[in-house]
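**Q** The structure under discussion is supplied below as structure tokens; questions concerning it will follow.
Residue numbers (this note's numbering): 4 to 182.
As structure tokens, this is what we get:
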């Protein structure tokens, strides 16, 4: 396994311990899923390592960074700026860490809300992030999704979205535009 780029390693070191632990669990799950589905494990690992690099930023900083990077926050993003942490992290990776791998950038960009037409690296990261065991109480259907993800990423992704979006709508939550 290739070493992570220095800029990513440095940024990881500055994150809160709990977030670093989450990222490491997601990396492990993502590498396993990538291996099972013959998807580039190194790309998946880089995307998983970088997916939450801006997750600890406060709302104002996320909104400011988004605007600085030319990302126009939607009304949903303005109501829940945390949804911008993936797009902001992807822009940081491209501009500051000089990572130009479109598959890695896509995966980081859409790992929270997903989007239509996600490539294989993005699908793996999206699911791995949701399958972190520490999110089990948020996603009580996690075991079902984990089992399905080992067999069929697309079916697991669709099942997750069906269940989670249904829950969010029923509870009156905002839905990310790309979801």
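Even for Gly, the Cβ is constructed at its ideal location relative to N, Cα and C.
#1: Once DSSP output is grouped into helix, strand and coil, what is the label at residue 174?
#2: Contact between the stretch 57 to 69 and the stretch 83 to 97 is defined here as three or more beta-carbon pairs at a separation below 8 angstroms; is this criterion met?
#3: Quick check on residue 101: buried or exposed, where buried means 16 or more other Cβ atoms within 10 Å of its Cβ?
#4: Tell me, to the nearest whole angstrom, how far the beta carbon of residue 106 is from that of residue 127; I am working on the premise that it is less than 8 angstroms.
#5: Measure the CB-CB distance between residue 30 and residue 52 and report whether it falls below 8 angstroms.
#6: Give me the Cβ distance between residue 122 and residue 109, rounded to the nearest whole Å; I'm assuming they're in contact under 8 angstroms.
#7: Could you have a look at residue 71 and say whether DSSP puts it in helix, strand or coil?
#8: Ignoring anything shorter than 4 residues, give me the alpha helix (DSSP H) runs that lie fully in the stretch 40 to 116, in order along the chain.
**A** By the coordinates alone:
#1: Start at 1 with the first residue of the chain shown, and residue 174 comes out as number 171. The answer is coil: DSSP assigns residue 174 none of H, G, I, E or B.
#2: Three or more Cβ pairs closer than 8 angstroms define a contact, and the stretch 57 to 69 meets that threshold against the stretch 83 to 97.
#3: Mapped onto the chain shown, residue 101 falls at position 98. Counting C-beta atoms within 10 angstroms of its own C-beta, residue 101 has fewer than 16 neighbours from the protein chains shown and is therefore classed as exposed.
#4: Start at 1 with the first residue of the chain shown, and residue 106 comes out as number 103. Start at 1 with the first residue of the chain shown, and residue 127 comes out as number 124. Not really, about 10 angstroms apart at Cβ, beyond 8 angstroms.
#5: Reading the chain shown from its first residue, position 27 is the one you call residue 30. Reading the chain shown from its first residue, position 49 is the one you call residue 52. In this structure, residue 52 lies closer than 8 angstroms to residue 30 by Cβ.
#6: As a working mapping, residue 122 is identified with position 119 in the chain shown. As a working mapping, residue 109 is identified with position 106 in the chain shown. 6 angstroms between Cβ atoms; contact.
#7: Residue numbering aside, residue 71 sits at position 68 when the chain shown is read from its first letter. Looking at residue 71 - three-state DSSP - the assignment turns out to be helix.
#8: Counting whole runs of 4 or more residues, the stretch 40 to 116 contains the alpha helix (DSSP H) stretches 44 to 53, 62 to 71, 78 to 82, 88 to 98 and 105 to 112.
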